[in-house]
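Residue numbering for the sequence shown follows this note's numbering, starting at 4 and increasing by one per position.
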Amino acid sequence: MNNRQSTLSKTALVSQIINFSCVDGPGSRLVIFLQGCNYNCKNCHNPHTIDMCDSCGDCITHCPTQALSMTSIGGKDAIRWDSDLCSECDTCLSVCPRQSTPKTREYSVAQMLEVIQQHGSFISGITISGGEATLQLHFIKALFKAIKSSEELQHLSCMIDSNGSLNETGWQKLLPYIDGAMIDLKSWQQETHRYITGRDNHKVFRSLNLLSQHNKLYEVRLLQIPGVTDFESEIDALASFLTRLPSSTRIKLNAFQHHGVTGEALAWQTCSEDNIERLASQLTERGVKPLILPSVYI
Ligand code: SF4
Ligand code: SF4
């Protein structure tokens, strides 16, 4: 297999593709959501994208449209999802003991390029999100490399939406092929970050610094959860850090809502417009800009 064939044959497990989005990076974008995450955020809006399906088969008989069946791939059981039969009722998600989903599809880079080619003239770029996108690093690198070397597609910007947990070696592999990254900073203090996500945030700060040094930090996202996140109690340290980032980096404030969340986060207070505006004015007073505020609070 030559280099090009090797690039085109890399695969990723994809949970969703949105053909057009204007909130996942600059301009109009095709967004690819990859399955699987290394965080276990209590506030996750798509908790079924965290774990991988283990093909137990429990969801098959619950599907009202017979869209699910068991098949065999390489001698191993594998769940088969027929998207043409699926009514998107989400019963399979509610019965899955792993809180996973059978509604995923493996794409090779070659197959994904075909999808992108169908929409290439209507969009300005591609964003890979998740789950945690960077867990499928080889696919991202191969796809973006193929886009950058394609006469037909090289006008598309290539962005990553990430929780920032990738190590430096991983980012070094991606840096030549990405135009920017959107990174979540889920809290300032380690304890708060561990409480929300199950992991500490040392790597997130390292990622933010590395990406900003290479001028690839498009956006930092702060999700305000009243009484849970610590952005207001740590406002001086937070603002001092944010003002040292490149002036082109957008600081986006998001307001926690209950949509899609499960478990104890359903009892957490949602974030109001007043709450976001208070945080925004505290950051502005300390020189943080440009700030992007939510357009809706539902
Ligand atoms: S979402 Fe689709 S696959 Fe899942 S149970 Fe409903 S119809 Fe079946
Ligand atoms: S989606 Fe869940 S219930 Fe269905 S086969 Fe996979 S692990 Fe089992």
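Here a beta-carbon is modelled for each residue, glycine too, at the ideal position from N, C-alpha and C.
Keep in mind the model is a prediction, meaning the values are calculated, not measured.
- Message: Can you tell me whether ILE82 sits near ligand 2, meaning its C-beta is under 7 Å from at least one heavy atom of the ligand?
- Response: yes
- Query: Counting only runs that start and end within the stretch 99 to 129, where is the beta strand (DSSP E) found for 3 or more residues in a row?
  - Reply: 108 to 111
- Item | Own chain residues within Cβ distance below 6 Å of ASP57, not counting five before or after | none
- Label PHE23 either buried or exposed according to how many other C-beta atoms from any shown protein chain fall within 10 Å of its C-beta, with 16 as the threshold for buried. exposed
- Query: Would DSSP call ILE22 helix, strand or coil?
  - Reply: Position check: residue 22 holds Asn in this sequence, whereas Ile was assumed. It is a strand residue.
- Would you mind listing the beta strand (DSSP E) stretches within the stretch 33 to 80 that are 3+ residues and don't spill past its ends, in chain order? 71 to 76
- Assuming SER275 contacts TYR300 under a Cβ cut-off of 8 Å, what Cβ separation, rounded to an integer in Å, is found between them? 6 Å
- In this structure, does DSSP put GLN193 in helix, strand or coil? helix
- Message: On the criterion of 16 or more Cβ atoms from any shown chain inside 10 Å, does SER243 qualify as buried, or is it exposed?
- Response: exposed
- Just the C-alpha distance for HIS205 and SER215, rounded to the nearest angstrom, thanks. 16 Å
- Using alpha carbons as the reference points, say which of SER18, HIS48, ILE63 and VAL34 lies closest to ALA258. HIS48
- Message: Given the structure, does GLY39 come close to ligand 2, in the sense that its CB is under 7 Å from one of the ligand's heavy atoms?
- Response: no
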